[in-house]
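All remarks here apply to the structure that follows.
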Amino acid sequence: MPCSCKQKKATPSDITTDRYITFDGIDCDGNARILMSYIHKHIDDPQKTNKFWDYFRKKAEGGNGPKPDDLFLIHSNLNQIRELFELYEDSEALALLDVVEIECC
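Read in order, the letters of the sequence shown are residues 28 to 132 in my numbering.
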């Protein structure tokens, strides 16, 4: 085996993530925060909200007990979030939701 100094260093594009092996290289909390900002972009618009999203917003703020972390809240409401992004054709948010679902949930 050659010296480690002569081995090719892995670049981010070379690294594949697998949460069943390790969470190294997976930014679940960071991606969840970004995803929450995408959610709020829609549900904070009075034209796009409803009673469920009012409840979700209150829950996210800790209004119904302890404040859950973003990842838990996303995991618990994955289908509703997917439906929201599909309804408003938010492909960027859907792509990140897929990443979070596969890597973190």
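We put the beta carbon where it would ideally sit given N, CA and C, even for glycine. From a predicted model like this one, the values you see are computed outputs, not experimental measurements.
Leu-105 sits away from Ile-66, with the two beta carbons spaced by 9 angstroms or more. Here DSSP, grouped into helix, strand and coil, assigns Asn-77 to coil.
In the three-state DSSP reduction, Asn-58 falls in the helix class (H, G or I). In the three-state reduction of the DSSP assignment, Tyr-115 falls in the coil class, being assigned neither a helical nor a strand state. DSSP, read as helix, strand or coil, puts Glu-110 in helix.
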